[in-house]
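If you read the protein sequences in the order shown, they are chains A and B. With positions in the first sequence counted from 1, the corresponding number in the working numbering is that position plus 14. With positions in the second sequence counted from 1, the corresponding number in the working numbering is that position plus 14. Read through the structure below, which is laid out as structure tokens, and then see the notes.
Protein chains: 2
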Amino acid sequence: MAAVTSRSQVQRSPLSDTKRKIMKTAAELFAGEGYGSVGTSQISEATGYGKGALYYHIRSKGDLLYDIMTIYLEDLLSEARQILAEKRHVKERVYALSESILRAVVEDKAEMTVCFREVHALEDTRRRSVLRLHGAYLGIWRQVTDDAAREGDFRPLDNDELKALMGMYFYSFLWIGNDRTADIPALAAKFSGIIMRACHA
Amino acid sequence: MAAVTSRSQVQRSPLSDTKRKIMKTAAELFAGEGYGSVGTSQISEATGYGKGALYYHIRSKGDLLYDIMTIYLEDLLSEARQILAEKRHVKERVYALSESILRAVVEDKAEMTVCFREVHALEDTRRRSVLRLHGAYLGIWRQVTDDAAREGDFRPLDNDELKALMGMYFYSFLWIGNDRTADIPALAAKFSGIIMRACHA
DNA sequence: TCGTCGACCGACCGACCGGTATAATATCGT
DNA sequence: ACGATATTATACCGGTCGGTCGGTCGACGA
Numbered sequence: 015m016a017a018v019t020s021r022s023q024v025q026r027s028p029l030s031d032t033k034r035k036i037m038k039t040a041a042e043l044f045a046g047e048g049y050g051s052v053g054t055s056q057i058s059e060a061t062g063y064g065k066g067a068l069y070y071h072i073r074s075k076g077d078l079l080y081d082i083m084t085i086y087l088e089d090l091l092s093e094a095r096q097i098l099a100e101k102r103h104v105k106e107r108v109y110a111l112s113e114s115i116l117r118a119v120v121e122d123k124a125e126m127t128v129c130f131r132e133v134h135a136l137e138d139t140r141r142r143s144v145l146r147l148h149g150a151y152l153g154i155w156r157q158v159t160d161d162a163a164r165e166g167d168f169r170p171l172d173n174d175e176l177k178a179l180m181g182m183y184f185y186s187f188l189w190i191g192n193d194r195t196a197d198i199p200a201l202a203a204k205f206s207g208i209i210m211r212a213c214h215a
Numbered sequence: 015m016a017a018v019t020s021r022s023q024v025q026r027s028p029l030s031d032t033k034r035k036i037m038k039t040a041a042e043l044f045a046g047e048g049y050g051s052v053g054t055s056q057i058s059e060a061t062g063y064g065k066g067a068l069y070y071h072i073r074s075k076g077d078l079l080y081d082i083m084t085i086y087l088e089d090l091l092s093e094a095r096q097i098l099a100e101k102r103h104v105k106e107r108v109y110a111l112s113e114s115i116l117r118a119v120v121e122d123k124a125e126m127t128v129c130f131r132e133v134h135a136l137e138d139t140r141r142r143s144v145l146r147l148h149g150a151y152l153g154i155w156r157q158v159t160d161d162a163a164r165e166g167d168f169r170p171l172d173n174d175e176l177k178a179l180m181g182m183y184f185y186s187f188l189w190i191g192n193d194r195t196a197d198i199p200a201l202a203a204k205f206s207g208i209i210m211r212a213c214h215a
């Protein structure tokens, strides 16, 4: 099995294939039943590793959750930063950002669900750290809308409005099926269309 | 303590004050730590009742979750139906619906969080039942947008677009604090403003 | 005064929790 | 071939899980 995902990857530490497989399986279980309802024996069984092997690769169940969130959010974030650097026009930016996050929602549905739905399961320090990543992602959009407002394309948006609009994306993992890969461009067009209309000066 | 909530209540079965208190406390725990991570002993301790008393009022932990969701979603739904019956103009309808759900998010934050974030924790039959309630609520908005489209005020919206827009509301419990009671009208104005712009013909 | 009843308690049940200890096996550089 | 190291399985730990059970207690009707 190849050790790469389709989207760019921040290599914080080597991250073995085994650990990647464990994270994928765990994310699916967490997304399906909720972090608190999934036992380590269940993860062990689903991955095919015994508990010893499992705990050779993870430090704790909490760490596993934190790692899943961190890796996928950093991935999403680095893609967003790249889009911000490459595209200069509002419309392109909004479409590319929409396409980026919606592709993540479809292709890594379980992981994204965990990233946005299971934040409460983290202990305080880690929750704050993950919320910083959420905030950083929001910051990218904030910059897009502020730039657009400065150039007269968008009306100014306050934080409430921006967060409300982000909710469209952050809630979409609950209803966008992972069988909609082919629809990603259409979905991105719909989402970015809504953003463009909602923010029109 | 009065046995009524501020918003209209569907009286399916008597629903004692004790059970109401248990539901409120449990909803706060579920919202704070996630259904699966909250134990019945914890609920028992937080309510001040022993486990015997607790299980005198509830059939199971799963039932408790289901009851919370059902009651609050039916409440939200009946309010929405009433708005649909009373208001005829799009703008009024959108504002009133926004105000209704945002007030629920602020005033019954924990319960609403559970209603929209813990669906996965339900066993199949009950999950389907709760998802029907979600669908019914979506149906109200569908009718509003369809009526508006028929009269030329809105462009036609497909299901993806409607669900995307609903995500704004359904995700808002994660960032709207329960200290914003005074801001409810302003929030409703912002949300409905976005809807009106996003749907403009 | 008693019997009944709803509300409640806390000890207890077997099962399972997250996590560890120990040992067996696979891999690999030399 | 050898030792070292990486990876895995299994048995097991104390503790907690959801839920039950026998029983207590005060209110109330007869």
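Built from N, CA and C at the ideal position, the CB exists for glycine as well.
Report the neighbours of residue i on chain A: residues whose CB is nearer than 8 Å to its CB, in chain order.
i, result
"residue 208 of chain B", "175, 178, 179, 212"
Output, in chain order, the set of chain B residues within a Cβ distance shorter than 8 Å of residue i.
i, result
"residue 201 of chain A", "174"
"residue 135 of chain A", "47, 48, 51"
Rounded C-beta distance between residue i and residue j? I'm assuming under 8 Å.
i, j, result
"residue 67 of chain B", "residue 43 of chain B", "Residue 67 of chain B to residue 43 of chain B, Cβ: 17 Å. No contact."
"residue 212 of chain A", "residue 212 of chain B", "4 Å"
"residue 81 of chain B", "residue 37 of chain B", "6 Å"
"residue 147 of chain B", "residue 111 of chain B", "Actually they do not touch by this definition, with Cβ atoms about 16 Å apart."
"residue 209 of chain A", "residue 116 of chain A", "In fact, because the Cβ distance is near 12 Å, the residues do not count as touching under 8 Å."
"residue 109 of chain B", "residue 30 of chain B", "Not confirmed; about 36 Å, so no contact."
"residue 158 of chain B", "residue 98 of chain B", "7 Å"
"residue 133 of chain B", "residue 141 of chain B", "6 Å"
"residue 65 of chain A", "residue 74 of chain A", "About 12 Å separates the two Cβ atoms, so there is no contact after all."
"residue 184 of chain B", "residue 185 of chain A", "5 Å"
"residue 100 of chain A", "residue 204 of chain B", "Not a contact, Cβ separation roughly 31 Å."
Starting from the beta carbon of residue i, find every residue of chain B whose beta carbon is closer than 9 Å, and list them in chain order.
i, result
"residue 184 of chain A", "181, 185, 188"
"residue 205 of chain A", "174, 175, 178"
What residues of chain A sit near residue i, judged by a beta carbon separation below 7 Å?
i, result
"residue 131 of chain B", "131"
Let me check understanding here. Comparing Cα to Cα, which of the options lies closest to residue i?
i, options, result
"residue 93 of chain B", "B:51, B:106, B:83, B:114", "B:114"
"residue 177 of chain B", "A:176, A:206, A:182", "A:182"
"residue 153 of chain B", "B:164, B:173, B:165", "B:173"
"residue 131 of chain A", "A:45, A:73, A:167", "A:45"
"residue 188 of chain A", "B:196, B:149, B:155", "B:149"
"residue 76 of chain A", "A:53, A:86, A:63", "A:53"
"residue 102 of chain B", "B:71, B:161, B:156", "B:161"
"residue 70 of chain B", "B:96, B:144, B:32", "B:32"
"residue 48 of chain A", "B:142, B:62, B:135", "B:135"
"residue 34 of chain A", "A:79, A:50, A:55, A:51", "A:79"
"residue 83 of chain A", "A:40, A:155, A:58, A:171", "A:40"
"residue 156 of chain A", "A:143, A:170, A:145, A:144", "A:170"
"residue 214 of chain A", "A:105, A:74, A:57", "A:105"
"residue 51 of chain A", "B:85, B:58, B:137", "B:137"
"residue 96 of chain A", "A:151, A:72, A:139, A:85", "A:151"
"residue 167 of chain A", "A:56, A:107, A:180", "A:107"
"residue 89 of chain A", "A:180, A:164, A:129, A:165", "A:129"
"residue 144 of chain A", "A:72, A:85, A:164", "A:85"
Say the cut is 8 Å; is the CB of residue i nearer than that to a heavy atom of the ligand ATP?
i, result
"residue 29 of chain B", "As far as ligands go, the structure on display features none, and thus does not contain the ligand ATP."
For the segment 119-137 of chain A and the segment 187-199 of chain A, state whether three or more C-beta atom pairs, one from each stretch, are separated by less than 8 Å.
-> yes
If you scan the segment 93-175 of chain A from start to end, which runs of the alpha helix (DSSP H) of 4 or more residues do you find wholly inside it?
-> 104-121, 123-131, 138-164
Counting only runs that start and end within the segment 24-100 of chain B, where is the beta strand (DSSP E) found for 3 or more residues in a row?
-> none
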